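J.:
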Amino acid sequence: MPKPPELFEYVGAVHIHTKDSDGSKSHNEIIRIADSYHLDFLLFTDHMTMAHRNCEGWHGRLLSIVGYEIQDKKNENHYLAFGLDEVLPAELSAPEYVRSVREAHGLGFIAHPDEVRKMPEARAYPWTAWGIDVFDGIEIWNHMSAWLEGLDKNSRLKSFLHPRSIIGTPSPKTLARWDEAAERRRVVGIGSLDAHAAPYRWGPFRLTLFPYKIQLQAIRTHVLTETPLPIEDFRKSKEIFLGALRQANAFISNYRWGNARGFRFWCESRRQFALMGESMSFHPSIVFRVELPEPGKIKLICKGRVVAETEGTSAEFPIAGDGAYRVEVLKGEKGWIYSNHIKIFPSRQREPERPQRFEGGREVEHPKGPQKEHSGHEPRRLAPNDSNRHPKAANKPQQTAPPPKPQNKGEQGQQKHPSDSRRWRRPRSQKTEKSGQ
Ligand SMILES: [Zn+2]
Ligand SMILES: [Zn+2]
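What the sequence shown shows, in the working numbering, is residues 143 to 579, in sequence order.
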């Protein structure tokens, strides 16, 4: 039975504002706070500026990447961009900057796509430029948006006192949009903070709305890489990290309900497997597998519908047809973990007798043993290291994991052009077919 590779897990926070725009602390102050909570990375996104790009790099064991949040001239259509060398011209429209980020080989995410507000004095900033379908991903969960969405006069005190547990699940509208888009192409889901830690006047009181230390312990994005990030080489680390994020090998959690480090979701057939962000062709032998660091209610979702569910620390679900599958894990009624999708294409042929080499669903065995060019792809155990499996030690940053065997990725290595990122990684032998993209 094939096994997916050992993965290295990096847990961190996305969409953070600093004093460079409307946040209330500096990059270095926020990095220190995040480090004290054992986060592995921070993705900074000030409005329309990357003034402190010099804060990019490794800070001890914490990876800091500085992108920015783009908006149009009406301050609408907020878009998170990473991997750019400089900010784009301010006068661009949303379709123009989405395209520009892509052309610059950056990585772009629609911010708070379906934001709504109950309080009339608070403006909402939903995404409206859906016509441009070349963005890399969307925020499926934005802490600030989710919090403000539930805020009205009656809930205000509870919302201020319990800013993490007040939020329930991501917006059903956004999840439906994401599931629908995933049938066409890969759309990377991320969870974000939208952290500002802004001062707030409430009658005679002056409060900090969402201190950074609170938000850093709520919605987190977990990025899984197949090689450890080299701490001595920031550029390489950034490339591997953003590459894994681009591939959607990631999931989202609300730390309020438990440390999700160690969650894994993959599918496997007799000869192949696929990780989040990857694809396989339908075969009746495919099963989806889930592993959790602690029990939860596990739901397998396909095309917006729950197709199977169970409770516990692991699950094995048979396949229920083609489509893009993802997993949600709940604690009671509260959303805890949200995986990215695995796409199952309709079968066009029987599963090959002799395994082919795959980009997405991957070959892991060869009848005659590993061949030379496959040297990096011999079966490996799914081995989130022990700290991943045991919640007691789960705060340990994963950079400490032992390095995997050297890999020869060859032409299967990092994708060179962002246009590829919008497609499901597919079996190489089917690359010429057009459907599903
Ligand atoms: Zn925004
Ligand atoms: Zn923001």
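Ideal Cβ placement from N, Cα and C applies to all residues, glycine included. No experiment lies behind these values; they were computed from the predicted model shown.
Could you have a look at K161 and say whether DSSP puts it in helix, strand or coil?
T.: Counting from one through the sequence shown, the residue named residue 161 turns up at place 19. Residue state, collapsed to three classes: coil.
J.: Check each residue's C-beta against every heavy atom of ligand 2 and list, in chain order, those closer than 7 angstroms.
T.: Residues flagged by the Cβ proximity filter: H157, H159, T187, H189, E211, H220, A253 and D336.
J.: Which runs of the beta strand (DSSP E) at least 3 residues long sit entirely within the region 387-414? Give them in chain order.
T.: Runs found: 392-396 and 406-410.
J.: Could you check how far apart the C-beta atoms of P146 and F415 are, in whole angstroms? I think they sit under 8 angstroms.
T.: Within the sequence shown, the letter at position 4 stands for residue 146. Within the sequence shown, the letter at position 273 stands for residue 415. At roughly 5 angstroms, the Cβ-Cβ gap stays under 8 angstroms, so P146 and F415 are in contact.
J.: Expressed to the nearest angstrom, what Euclidean distance is found between the alpha-carbon atoms of G165 and L335?
T.: The residue you call residue 165 lines up with position 23 of the sequence shown. The residue you call residue 335 lines up with position 193 of the sequence shown. Taking the straight line joining both Cα atoms gives about 12 angstroms.
J.: Let me know the secondary structure DSSP gives P497 once reduced to three states.
T.: Residue mapping note: residue 497 aligns to position 355 of the sequence shown, counting from 1. Annotation note: pLDDT 35 at P497 (below 50); position unreliable, coordinate value reported separately. Coil, per DSSP.
J.: Considering R431, what are the terminal residues of the beta strand (DSSP E) in which it resides?
T.: One-based indexing of the sequence shown puts residue 431 at position 289. R431 -> beta strand (DSSP E) spans V429 to C444.
J.: What are the start and end residues of the beta strand (DSSP E) that includes Y239?
T.: Against the sequence shown, residue 239 aligns to sequence position 97. Taken as a continuous stretch (DSSP letters only), Y239 belongs to no beta strand (DSSP E), being part of the alpha helix (DSSP H) at A236 to E245.
J.: Compute the minimum distance between the beta carbon of Y267 and the heavy atoms of ligand 1, and state whether it is under 7 angstroms.
T.: Within the sequence shown, residue 267 is the residue found at index 125, counting from 1. For ligand 1, at least one heavy atom lies less than 7 angstroms from the Cβ of Y267.
J.: Grab me the residues of V258's own chain with a C-beta within less than 6 angstroms of its C-beta, minus the 5 sequence neighbours each way, in chain order.
T.: Numbered from 1 along the sequence shown, position 116 holds the residue referred to as residue 258. Closer than 6 angstroms at Cβ, skipping near neighbours: A266 and E291.
J.: Does the distance from the CB of N284 to the CB of A392 come in under 8 angstroms?
T.: Position 142 of the sequence shown, counted from the start, is the residue given in the question as residue 284. Position 250 of the sequence shown, counted from the start, is the residue given in the question as residue 392. No.
J.: Give me the Cα-Cα distance between E218 and E233, rounded to the nearest whole angstrom.
T.: Start at 1 with the first residue of the sequence shown, and residue 218 comes out as number 76. Start at 1 with the first residue of the sequence shown, and residue 233 comes out as number 91. Rounded to whole angstroms, E218 to E233 spans 12 angstroms at the Cα level.
J.: Cα-Cα, which of M192, E436, Y152 and F150 is closest to S581?
T.: Nothing in the structure corresponds to residue 581, since the chain is present only between 143 and 579.
J.: Between the region 169-187 and the region 202-211, do three or more beta carbon pairs fall short of 8 angstroms?
T.: With the cut-off at 8 angstroms, the region 169-187 and the region 202-211 touch.
J.: Could you compute how far the alpha carbon of K439 sits from the alpha carbon of V471?
T.: In the sequence shown, the residue the question calls residue 439 occupies position 297. In the sequence shown, the residue the question calls residue 471 occupies position 329. Going by the C-alpha atoms only, they are around 5 angstroms apart.
J.: Within the same chain, show all residues whose beta-carbon is closer than 6 angstroms to that of G333, passing over the 5 residues directly before and after it, in chain order.
T.: Residue 333 sits at position 191 when you count from the first residue of the sequence shown. Closer than 6 angstroms at the Cβ level, and outside the excluded window around G333, lie W283, I361, T363 and I394.
J.: Tell me whether W478 is buried or exposed, calling it buried when 16 or more other Cβ atoms sit within 10 Å of its Cβ.
T.: Counted from its first residue, the sequence shown places residue 478 at position 336. W478 is buried by the Cβ-count criterion.
J.: Count the other C-beta atoms from every protein chain shown that fall within 10 angstroms of the C-beta of Y221, then say buried if there are 16 or more, exposed otherwise.
T.: In the sequence shown, counting from the first residue as 1, residue 221 sits at position 79. It is buried - the Cβ of Y221 has at least 16 other Cβ atoms within 10 Å.
J.: Please state whether DSSP places F251 in a helix, a strand or coil.
T.: Start at 1 with the first residue of the sequence shown, and residue 251 comes out as number 109. F251: strand per DSSP, three-state reduction.
J.: When you compare the CB positions of F405 and E433, do they come within less than 8 angstroms of one another, or not?
T.: Reading the sequence shown from its first residue, position 263 is the one you call residue 405. Reading the sequence shown from its first residue, position 291 is the one you call residue 433. Cβ distance < 8 angstroms, so F405 and E433 count as in contact.
J.: DSSP state of S421, grouped into three classes?
T.: Along the sequence shown, read from residue 1 onward, the residue named residue 421 stands at position 279. Here S421 sits in strand by DSSP.
J.: Report the rounded CA-to-CA distance for I486 versus L149, giving the unit in angstroms.
T.: Start at 1 with the first residue of the sequence shown, and residue 486 comes out as number 344. Start at 1 with the first residue of the sequence shown, and residue 149 comes out as number 7. Their Cα atoms are separated by approximately 22 angstroms.
J.: May I ask you to report which of helix, strand or coil DSSP gives F277?
T.: On the sequence shown, position 135 is the one that residue 277 refers to. DSSP places F277 in coil when its eight states are reduced to three.
J.: Could you give the residue range of the beta strand (DSSP E) that holds K315?
T.: Numbered from its first residue, the sequence shown carries residue 315 at position 173. Counting along the chain, K315 falls outside any beta strand (DSSP E), though it belongs to the alpha helix (DSSP H) covering P314 to R326.
J.: Helix or strand or just coil, what does DSSP make of I580?
T.: Residue 580 cannot be examined here, being either before or after the span of the chain that is shown, 143 to 579.
J.: Apart from the five residues just before and just after G202, which ones in its own chain have a Cβ nearer than 7 angstroms to its Cβ?
T.: Residue 202 sits at position 60 when you count from the first residue of the sequence shown. These residues qualify, in order along the chain: D177.
J.: Since E238 contacts P255 with CB under 8 angstroms, what's their CB separation in whole angstroms?
T.: Locating residue 238 in the sequence shown gives position 96, counting from the first residue. Locating residue 255 in the sequence shown gives position 113, counting from the first residue. Not really, about 18 angstroms apart at Cβ, beyond 8 angstroms.
J.: For L184, report the span of its beta strand (DSSP E) as first-last.
T.: In the sequence shown, counting from the first residue as 1, residue 184 sits at position 42. Element bounds for L184: F183 to H189.
J.: If contacts are defined as beta-carbon pairs under 8 angstroms, then R398 and Q359 qualify, I think. What distance do you get, rounded to the angstrom?
T.: In the sequence shown, the residue the question calls residue 398 occupies position 256. In the sequence shown, the residue the question calls residue 359 occupies position 217. Right, their Cβ atoms sit about 7 angstroms apart.
J.: Would you report the Cα separation of N296 and L230, rounded to the nearest angstrom?
T.: Stepping through the sequence shown from its first residue, residue 296 is reached at position 154. Stepping through the sequence shown from its first residue, residue 230 is reached at position 88. Each residue's alpha carbon lies about 42 angstroms from the other.
J.: Since I428 contacts R468 with CB under 8 angstroms, what's their CB separation in whole angstroms?
T.: As a working note, residue 428 is residue 286 in the sequence shown. As a working note, residue 468 is residue 326 in the sequence shown. So it is not a contact: roughly 15 angstroms between Cβ atoms.
J.: Identify which residue in P353, G273, R328 and R174 has its Cα closest to the Cα of P305.
T.: Residue numbering aside, residue 305 sits at position 163 when the sequence shown is read from its first letter. Checking every option, the nearest Cα to that of P305 belongs to P353.
J.: Got a sec, what are the start and stop residues for the alpha helix (DSSP H) E171 sits in?
T.: Looking up residue 171 in the sequence shown gives position 29. Looking at the DSSP string, the run of the alpha helix (DSSP H) that includes E171 is H169 to S178.
J.: Exposed or buried, I373, counting other C-beta atoms within 10 Å across all chains shown (16 or more means buried)?
T.: Residue mapping note: residue 373 aligns to position 231 of the sequence shown, counting from 1. Answer is exposed; the Cβ neighbour count stays below 16.
J.: Please report the Cβ distance between M418 and A390, rounded to the nearest whole angstrom; I am assuming they are in contact, meaning their Cβ atoms lie under 8 angstroms.
T.: Position 276 of the sequence shown, counted from the start, is the residue given in the question as residue 418. Position 248 of the sequence shown, counted from the start, is the residue given in the question as residue 390. Confirmed, about 6 angstroms.
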